[in-house]
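Data block below; observations after.
There are 2 protein chains.
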Amino acid sequence: MSDLSKCPPLTRKSVLDAHKRIEPYIHRTQVATCDTINLLASTPQSERCPSSGPNTASESAPHESTKNGSAAEYKANPKVRLFFKCENQQKIGAFKARGAFHALGRLIEEEGIENVRRKGVVTHSSGNHAQALALAAKTFEVPAHIVMPTISTPSKISGTKSHNAHVIFSGSTSDEREAVVAEVIEKTGATLVPPYDHPNIILGQGTQALELEQQVEDMLAEQPALGISGKTKLDAVIAPIGGGGMLSGICTALHGTGIKVFGAEPNFEGANDAELGLKQNKRIEKVKTLTIADGLRTPVGDIPWNIITDKEKLHGIYSVDESQIKAALRLAMERAKLFIEPSAAVPLAVMLYNEDFRKLVEREAGPEGWNIGIILSGGNTTVEAIAKLFQASGKVAERAESKITTNGERVAENVAG
Amino acid sequence: MSDLSKCPPLTRKSVLDAHKRIEPYIHRTQVATCDTINLLASTPQSERCPSSGPNTASESAPHESTKNGSAAEYKANPKVRLFFKCENQQKIGAFKARGAFHALGRLIEEEGIENVRRKGVVTHSSGNHAQALALAAKTFEVPAHIVMPTISTPSKISGTKSHNAHVIFSGSTSDEREAVVAEVIEKTGATLVPPYDHPNIILGQGTQALELEQQVEDMLAEQPALGISGKTKLDAVIAPIGGGGMLSGICTALHGTGIKVFGAEPNFEGANDAELGLKQNKRIEKVKTLTIADGLRTPVGDIPWNIITDKEKLHGIYSVDESQIKAALRLAMERAKLFIEPSAAVPLAVMLYNEDFRKLVEREAGPEGWNIGIILSGGNTTVEAIAKLFQASGKVAERAESKITTNGERVAENVAG
Chain G
1 MSDLSKCPPL TRKSVLDAHK RIEPYIHRTQ VATCDTINLL ASTPQSERCP
51 SSGPNTASES APHESTKNGS AAEYKANPKV RLFFKCENQQ KIGAFKARGA
101 FHALGRLIEE EGIENVRRKG VVTHSSGNHA QALALAAKTF EVPAHIVMPT
151 ISTPSKISGT KSHNAHVIFS GSTSDEREAV VAEVIEKTGA TLVPPYDHPN
201 IILGQGTQAL ELEQQVEDML AEQPALGISG KTKLDAVIAP IGGGGMLSGI
251 CTALHGTGIK VFGAEPNFEG ANDAELGLKQ NKRIEKVKTL TIADGLRTPV
301 GDIPWNIITD KEKLHGIYSV DESQIKAALR LAMERAKLFI EPSAAVPLAV
351 MLYNEDFRKL VEREAGPEGW NIGIILSGGN TTVEAIAKLF QASGKVAERA
401 ESKITTNGER VAENVAG
Chain E
418 MSDLSKCPPL TRKSVLDAHK RIEPYIHRTQ VATCDTINLL ASTPQSERCP
468 SSGPNTASES APHESTKNGS AAEYKANPKV RLFFKCENQQ KIGAFKARGA
518 FHALGRLIEE EGIENVRRKG VVTHSSGNHA QALALAAKTF EVPAHIVMPT
568 ISTPSKISGT KSHNAHVIFS GSTSDEREAV VAEVIEKTGA TLVPPYDHPN
618 IILGQGTQAL ELEQQVEDML AEQPALGISG KTKLDAVIAP IGGGGMLSGI
668 CTALHGTGIK VFGAEPNFEG ANDAELGLKQ NKRIEKVKTL TIADGLRTPV
718 GDIPWNIITD KEKLHGIYSV DESQIKAALR LAMERAKLFI EPSAAVPLAV
768 MLYNEDFRKL VEREAGPEGW NIGIILSGGN TTVEAIAKLF QASGKVAERA
818 ESKITTNGER VAENVAG
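Residue numbers (our numbering), protein chains in the order written: chain G, 1 to 417; chain E, 418 to 834.
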């Protein structure tokens, strides 16, 4: 990867430059709004009509984590309008395309296209970064070596291969993987492009915040009713944090704009390493969790950590449990009609279910309220995985069944002839 | 409902008028594109790499209906670029809001707001039309009586009630339902707003075609690479057909533009009544099917029939089987990241899997190819219903499981620290 000394500084200006560089290669993804979700988010949890939320009783009011106290407590009543940045519709189905195109573009500029084409690039990943780097490399006709664990699912392997990447298998531990990467580098001279812990990746990921900021201003200029009355721009953005490349990029992009940036994390089995790390003022370097938000199982990286610990850049990190993530995932699909992966539902879950966050918004935004950007980071999941998360059983199964076979209007219309 | 004699003529001009009338009340839904689906649609079925299609082997090549012959036959190779009109993101989650706002708006203009408010409106439905009329009525502060079968699912009932409609229960047969409607009319003087078989409904539903036509022209002007090289507009549109309100509205809207209109139907248990009716030159008045495309179980209505039998307005109707609908539904979700109901997947299924249609496109479009609009009619389904359609079992379950718990990149990153 590019020498750190040659990387541009981690400033908003550098993110603007990164955006100009990658714009021809990425989608300017849409920003969506949803009246029903705005209403739910602007209603205290205790007053929400179960019928306007999820259908499954057990999920209609995801249980509060104990620290939020009993249901009898005061429930926050923030007023918000939400703007969903649809990076699930980005190339390769996730924001990672931004960082990969930026990192490779910079590398080519520094070393020259002929050198980069001769040496190639390498990374270890079987997830979104693998496909993102494979796509960027294909675009610039650079060989890409992707080290993937043998246990990777066939669809991810073939997805990566479909961008002409050279897939090399390894064991799934860190040591096994790094040994294979070292071998590739020794043999080919390929440059390592890491998934998040590098300035050029961070600057690339930050570009989505610039688009979101501008798109919301444009939307509000045209249709003021979409936002908080009288406001012309975003007040805050919530983004997921795993390795932290995206969150630190967004912090960098929005620094100095007055738009507050928040991180959102799952808290299952300690996946909220960034939240916990901020509390103890020390980065947590190891995490072992099987949260359904599988893109956020990673501990935050070193360079992202240095950015998110700057209180001028990050306003706070909040976490949610698995049932809250599932409930938000359901709402994104059933109400906003957006197909997203569980990791992408985490910021919406924080907005809807984390009482600490909701109280902060109520307190800081006051009765006027906030326009809040919600990053939907990706949509790389399958209908089977969704089925697994929500599979019908018992009473729920019966109800789902009746929905499919006895839709009233339609049955009635059948016999109307 | 408005007297037929007072309705505007079924012309493009009337659809343009309808659009002006309803524009303040509806969403101008986005038009989406998807490179992967374009590639699949532009590849002969026999040559498609299973890995770029669905993951489940049994669905990777939905079986051909017998009339399409054996796999050894010539497979069509049309060249197309698809433009998805996202009516799944319309108000109430389906295009039906258009017809309801138009029909009610016309009624108010004819009878005066005070009369309509005094008498109210009534319909029988527990599906999208129920919620659409309830929303339109709420907007104009008109009482709405919605007759719903007692067997309706609780979420649909509460969805309708959430728009302040007066819900009245009935049995689910045509006779029982009509008896209740008659009772409501006698008691309140309410006007019946039928779901599809009325000119004002048809004209309202047609408005989506005007938007799609204009949006595609705008998109191609800005980004010509999204479409067929050198073309600046749509060549064709494929829309689902159930009762036919939407398809006949689109036929009316696009008449005289040169844009060809096609209908798409499920063929399970005779749900392809319009296709069969066109062949025997006689409307089929009764259908009894439990196709998963539950919005399309209805036989085509009388007024829509008179429009779609006009060869200058409709170019043809093509049908697909259940496995083809499921495969298209999967692609819309996993690849285009759009959450849609099974009925909305039927036009895409025709594009991808109906060999007769694909041969027609290859023949008529030639090597140059066509820009084709695909109507995604609605997104009112639940994660449980999707789970039911695709629930993991056997080997598929294992693979889905491994996807959730052993994502290579993420597990590897976990231990990387």
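The beta carbon of each residue, even a glycine, is placed where N, CA and C say it ideally should be.
Note that the structure is predicted; figures quoted are calculated from it, not measured.
Distance between residue j and residue i (C-alpha atoms, nearest Å)
i                      : j                      : result
residue 783 of chain E : residue 496 of chain E : 8 Å
residue 243 of chain G : residue 513 of chain E : 44 Å
residue 446 of chain E : residue 24 of chain G  : 25 Å
residue 813 of chain E : residue 384 of chain G : With a pLDDT of only 43 at residue 813 of chain E, under the threshold of 50, the placement of this residue in the model should not be trusted, and no figure is reported.
residue 161 of chain G : residue 139 of chain G : 14 Å
residue 136 of chain G : residue 105 of chain G : 9 Å
residue 707 of chain E : residue 580 of chain E : 29 Å
residue 436 of chain E : residue 421 of chain E : 19 Å
residue 519 of chain E : residue 17 of chain G  : 48 Å
residue 673 of chain E : residue 582 of chain E : 39 Å
residue 60 of chain G  : residue 743 of chain E : Residue placement at residue 60 of chain G cannot be trusted, given a pLDDT of 43 that sits under 50; the coordinates are not used to answer.
residue 10 of chain G  : residue 368 of chain G : 33 Å
residue 38 of chain G  : residue 373 of chain G : 12 Å
residue 52 of chain G  : residue 354 of chain G : With a pLDDT of only 40 at residue 52 of chain G, under 50, the local geometry of the prediction cannot be trusted, and the value read off the model is given with reservation. Taking the straight line joining both Cα atoms gives about 19 Å.
residue 212 of chain G : residue 6 of chain G   : 28 Å
residue 215 of chain G : residue 236 of chain G : 14 Å
residue 541 of chain E : residue 452 of chain E : 41 Å
residue 655 of chain E : residue 714 of chain E : 18 Å
residue 229 of chain G : residue 33 of chain G  : 15 Å
residue 611 of chain E : residue 595 of chain E : 12 Å
residue 68 of chain G  : residue 74 of chain G  : Note that residue 68 of chain G scores a pLDDT of 49, beneath 50, so its modelled location is shaky and nothing firm can be said.
residue 690 of chain E : residue 700 of chain E : 8 Å
residue 472 of chain E : residue 444 of chain E : Its pLDDT being 41, under 50, residue 472 of chain E is placed unreliably by the model, and nothing is read from it.
residue 761 of chain E : residue 657 of chain E : 7 Å
residue 787 of chain E : residue 173 of chain G : 49 Å
residue 759 of chain E : residue 337 of chain G : 13 Å
residue 569 of chain E : residue 170 of chain G : 53 Å
residue 741 of chain E : residue 330 of chain G : 25 Å
residue 83 of chain G  : residue 263 of chain G : 16 Å
residue 688 of chain E : residue 767 of chain E : 14 Å
residue 281 of chain G : residue 157 of chain G : 39 Å
residue 310 of chain G : residue 356 of chain G : 21 Å
Best match in the options for proximity to residue i [C-alpha to C-alpha]
i                      : options                    : result
residue 431 of chain E : E:506, E:534, E:620        : E:620
residue 506 of chain G : G:93, G:84, G:261, G:185   : There is no way to answer for residue 506 of chain G, as the model of chain G reaches only from 1 to 417.
residue 234 of chain G : G:241, G:316, G:85         : G:85
residue 572 of chain E : E:548, E:590, E:595, E:561 : E:548
residue 737 of chain E : E:491, E:710, E:438        : E:710
residue 778 of chain E : E:669, E:671, E:444, E:460 : E:460
residue 508 of chain E : E:732, E:439, E:752, E:570 : E:439
residue 682 of chain E : E:669, E:717, E:702        : E:717
residue 615 of chain E : E:720, E:607, E:527, E:667 : E:720
residue 144 of chain G : G:192, G:270, G:110        : G:192
residue 525 of chain E : E:592, E:464, E:607        : E:607
residue 322 of chain G : G:347, G:48, G:114, G:175  : G:347
Contact test: residue i Cβ vs the ligand ADP heavy atom, cutoff 6 Å
i                      : result
residue 107 of chain G : Because no ligand of any kind appears in the structure shown, any question about the ligand ADP cannot be addressed here.
Proximity below 7 Å, CB of residue i to CB of residue j
i                      : j                      : result
residue 745 of chain E : residue 757 of chain E : no
residue 665 of chain E : residue 725 of chain E : yes
residue 622 of chain E : residue 498 of chain E : no
residue 359 of chain G : residue 134 of chain G : no
residue 795 of chain E : residue 510 of chain E : yes
residue 804 of chain E : residue 390 of chain G : yes
residue 116 of chain G : residue 147 of chain G : no
residue 128 of chain G : residue 380 of chain G : yes
residue 799 of chain E : residue 334 of chain G : yes
residue 626 of chain E : residue 670 of chain E : yes
residue 317 of chain G : residue 276 of chain G : no
Whole-number beta carbon distance between residue j and residue i, since they are thought to touch under 8 Å
i                      : j                      : result
residue 663 of chain E : residue 448 of chain E : Not confirmed; about 17 Å, so no contact.
residue 457 of chain E : residue 769 of chain E : 6 Å
residue 217 of chain G : residue 232 of chain G : 6 Å
Three CB pairs or more closer than 8 Å across the segment 601-616 of chain E and the segment 533-542 of chain E: The segment 601-616 of chain E, when compared against the segment 533-542 of chain E, does touch it at the 8 Å Cβ threshold.
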